[in-house]
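Trainee: Here it is: the structure, laid out below.
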Ligand SMILES: [Zn+2]
């Protein structure tokens, strides 16, 4: 058969394409894979520091405050429904006050306080330096980041990737804390401190909640006021 000109041509053609295949020229380029160690590498991060205005974060679109039902049932993880507001949803989730050493009765709503060029968009919780900072919810440590204003910080996503919890001014991380770590509510993530622009004589936790956008970027989101989750209810006028 190979003696026949057509058979020889066929055989050469097969060999030619086999060679191309072996060289990879005909293969689809392989998808970039994320190696298990990728999250440990010094991530390039955004080109600019999460233009953390505030003590840190990019100011997102402010969400309208949502009234919180007073008689809400205590479902541990309710299904997010469009007719339940974000704060009501988080309230139902029973987020933990991240600083057990703090006195919740002394919390002050400083979410809208002015800061240089922006508003605070977070809650400052006074607590002794070195006292524990706990995860407010289950979820994954998305980013460990050091910034000028926030100092040592943790960005934690909630289990559904809907919200990002942000903890700043930590003096140190809890041993073993790393990006990708799955936290349970109440796990220690670090110590209350004075890193970043926290006044040295006023150790506190700067805590913020961001509703993530569709891109799920840890440095972008719409700020929600955490104060109603733990602060004293406002006095009624009547
Ligand atoms: Zn703050």
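Residue numbers (the working numbering): 318 to 555. Beta carbons: idealized from backbone N, C-alpha and C, even for Gly.
Could you give the DSSP three-state label for residue 485: helix, strand or coil?
Mentor: strand
Trainee: Taking just the CA atoms, how far does residue 499 sit from residue 429?
Mentor: 31 Å
Trainee: Pick out whichever of 534, 548 and 452 has its Cα sitting closest to the Cα of residue 491.
Mentor: 452
Trainee: Spatial neighbours of residue 510 within its chain, please: CB distance less than 8 Å, with the 5 preceding and 5 following residues excluded, ordered by chain position.
Mentor: 446, 447, 468, 469, 486, 487, 488, 489 and 520
Trainee: Any chance the CB of residue 556 is under 7 Å from a heavy atom of ligand 1?
Mentor: Only positions 318 to 555 of the chain appear in the structure, and residue 556 is not among them; the question remains open.
Trainee: What residue from 444, 443, 427 and 504 has the CA that sits closest to residue 473's CA?
Mentor: 504
Trainee: Does ligand 1 have a heavy atom nearer than 7 Å to the CB of residue 439?
Mentor: yes
Trainee: If you pair each beta-carbon of the segment 528-540 with each one of the segment 406-426, do three or more pairs fall below 8 Å?
Mentor: When Cβ pairs closer than 8 Å are counted between the two stretches, the segment 528-540 is seen not to touch the segment 406-426, the count staying below three.
Trainee: Examine ligand 1 and report whether any of its heavy atoms sits within less than 7 Å of the Cβ of residue 523.
Mentor: Because some heavy atom of ligand 1 lies under 7 Å away, the Cβ of residue 523 counts as near it: yes.
Trainee: Do you know whose CA, among 539, 528, 524 and 529, lies nearest residue 439's CA?
Mentor: 524
Trainee: If you draw a straight line from the alpha carbon of residue 512 to that of residue 529, how long is it in whole angstroms?
Mentor: 25 Å
Trainee: If you check the beta carbons only, do residue 441 and residue 427 fall under 8 Å apart?
Mentor: yes
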